[in-house]
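Trainee: Residue numbers (the numbering used here): 12 to 415.
Just so it is clear, CB atoms sit at the ideal spot from N, CA and C, and this is done for glycine as well.
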């Protein structure tokens, strides 16, 4: 649990790494589908836009599933919830392998999304609970790192497996890997919540009371806005490379890889320093994101610079992730389960809102730099909320500022 060297950061338990590894499996499934759509559409005899509905279905399952399952599992031991949700996720993928129609496959994706949201929310709470004092943000960096590594490593591997064996082979691989991760979770992740004698109603009231804290709502709003800012630009990065930068389509994977590597570095950097001051880290990361967006827009038509500016964008975009997650859990106090779940929903609201806003300005006839301007406005809004949070916390009673 602690480091052998005086003055060095305390060690994280192995269980935190197991949670991060399971998140890697979940994240690979979430993101790899984009590369499998053409093969999947041909196999199921649907259009590619229709097949894209599987991505939307997963997003809806994440947004709705996280808080809904948090409410349903409040009285369950967290370890039990982790194991059940991971098994359901794996089974949904194994079932998809034998599906031969679109509607049933969509149903398996929604089920997988609900299980994914459930695991993610409880894993965040568990990682913080089993970590030593002063290491909560580093623990969150490992958990979030599973998602970023999935982007950099898991998604290309999923696409490779899909190209060689078809989309069903990719789903089979994710299902089997998730089962292995579930076994590791069963063996190494301890229980962190005693169910006790409290009734469901008492536990629910305690969790809901958390949402009377104004700083928590501000933090959730910050999550949604910054995530929207990131995905408003990231979703249209490919046409920026080809249409604005004048590069061939072969450069798109290189730019996306640069962003992915930057995101891994950003999570590591944020996790290393965030525990010193979570709110300051959030504010500094948002300023860095604004700077990175300006640099990206300024260098979009410079072929030699777009790769580097995309890496910088990735670093800034993910340096905040550990701090904002740890901050939400800290503001929730002794009732973090529902707050963590709503934070998962806030992330996914941002994932949906950002591309939609970017699409609106593009549909209005603006160029491919326009989403960057929208991202800057969203970043400014997120920074405004983060500054408001500091002001609220300096008030005489910052913990409960909303009317009952």
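List the endpoints of the continuous alpha helix (DSSP H) containing residue 71.
Mentor: Where residue 71 is concerned, the enclosing alpha helix (DSSP H) stretches over 59 to 83.
Trainee: Just tell me which of 109, 105, 133 and 70 has its CA closest to the CA of residue 87.
Mentor: 133
Trainee: Pull up the distance between the alpha-carbon of residue 66 and that of residue 128, whole angstroms please.
Mentor: 14 Å
Trainee: Can you give me the C-alpha to C-alpha distance between residue 326 and residue 213, rounded to a whole angstrom?
Mentor: 42 Å
Trainee: Pair every Cβ in the region 34 to 54 with every Cβ in the region 156 to 166, then say whether three or more of these pairs are closer than 8 Å.
Mentor: yes
Trainee: Just verifying my parser: in three-state terms, what is the DSSP assignment at residue 379?
Mentor: coil
Trainee: Report, in whole angstroms, the separation of the C-beta atoms of residue 392 and residue 236, which I expect to be a contact under 8 Å.
Mentor: 5 Å
Trainee: Tell me where the alpha helix (DSSP H) around residue 321 begins and ends.
Mentor: 317 to 329
Trainee: Quick one, are the C-beta atoms of residue 233 and residue 137 less than 7 Å apart?
Mentor: Not a contact, by the Cβ cut-off of 7 Å.
Trainee: Is residue 336 near residue 73, with beta carbons less than 7 Å apart?
Mentor: 7 Å or more divides the Cβ of residue 336 from the Cβ of residue 73.
Trainee: For the pair the region 174 to 192 and the region 104 to 119, tell me if three or more CB-CB distances fall below 8 Å.
Mentor: Yes, since at least three Cβ pairs between the region 174 to 192 and the region 104 to 119 fall closer than 8 Å, the two stretches touch.
Trainee: Whose C-beta lies closer than 8 Å to the C-beta of residue 259 among residues of the same chain, with five residues either side of it excluded?
Mentor: 253
Trainee: I'd like the span of the alpha helix (DSSP H) that includes residue 41, first residue to last.
Mentor: 25 to 55
Trainee: In angstroms, rounded to a whole number, what distance separates the CA positions of residue 297 and residue 395?
Mentor: 10 Å
Trainee: Where does residue 202 sit, in a helix, a strand or coil, going by DSSP?
Mentor: If DSSP states are grouped into helix, strand and coil, residue 202 belongs with coil.
Trainee: Would you kindly check if the distance between the Cβ of residue 275 and the Cβ of residue 193 is under 7 Å?
Mentor: no
Trainee: Which of the three DSSP states, helix, strand or coil, is assigned to residue 338?
Mentor: Residue 338 sits in a helix when the DSSP states are folded into three classes.
Trainee: Examine the Cβ distances between the region 300 to 307 and the region 378 to 390 and report whether three or more of them are shorter than 8 Å.
Mentor: yes
Trainee: Using CA atoms only, rank isn't needed, just tell me which of 130, 120 and 363 is closest to residue 77.
Mentor: 130
Trainee: What three-state label does DSSP hand residue 138 in the structure shown?
Mentor: Note: residue 138 maps to helix in three-state DSSP.
Trainee: Under the three-state reduction of DSSP, which class applies to residue 115: helix, strand or coil?
Mentor: helix
Trainee: Within the same chain, show all residues whose beta-carbon is closer than 7 Å to that of residue 383, passing over the 5 residues directly before and after it, in chain order.
Mentor: Only 244, 304, 307 and 308 meet the Cβ criterion.
Trainee: Restricting to Cα atoms, I'd like to know which of 222, 230 and 46 is closest to residue 401.
Mentor: Relative to the Cα of residue 401, the nearest Cα in the group 222, 230 and 46 belongs to 230.
Trainee: For the candidate residues 353, 240 and 375, whose alpha-carbon lies nearest to that of residue 329?
Mentor: 240
Trainee: Taking 7 Å as the limit between beta carbons, can you name the residues of its chain near residue 28, skipping five residues before and five after?
Mentor: Only 153 meet the Cβ criterion.
Trainee: Measure the C-alpha to C-alpha separation of residue 53 and residue 282 and round it to an integer number of angstroms.
Mentor: 42 Å
Trainee: Less than 7 Å between the C-beta atoms of residue 225 and residue 403, yes or no?
Mentor: When the beta-carbon positions are compared, residue 225 and residue 403 come within less than 7 Å of each other.
Trainee: In the DSSP assignment, find the alpha helix (DSSP H) that holds residue 217 and state where it starts and stops.
Mentor: 211 to 220 is the span of the alpha helix (DSSP H), which, as asked, contains residue 217.
Trainee: Counting Cβ pairs closer than 8 Å, one from the region 316 to 326 and one from the region 262 to 274, do we hit at least three?
Mentor: yes
Trainee: Using a Cβ-Cβ cutoff of less than 6 Å, which residues in the same chain neighbour residue 352 once the five nearest sequence positions on both sides are dropped?
Mentor: 77, 78, 81 and 132
Trainee: Enumerate in chain order the residues of its own chain whose CB-to-CB distance from residue 361 is below 6 Å, with the five nearest sequence positions on each side excluded.
Mentor: 235, 238 and 239
Trainee: Mind checking which residues open and close the alpha helix (DSSP H) that includes residue 374?
Mentor: 348 to 374
Trainee: Rank 369, 183, 380 and 332 by C-alpha distance to the C-alpha of residue 242 and give the top, closest one.
Mentor: 369
Trainee: Which residue from 300, 287 and 255 puts its Cα closest to that of residue 315?
Mentor: 255
Trainee: Can you give the Cα-Cα distance for residue 50 and residue 345, rounded to whole angstroms?
Mentor: Roughly 47 Å separates the two Cα atoms.
Trainee: I'd like the span of the alpha helix (DSSP H) that includes residue 288, first residue to last.
Mentor: That residue, residue 288, is in no alpha helix (DSSP H); it is neither H nor E in DSSP.
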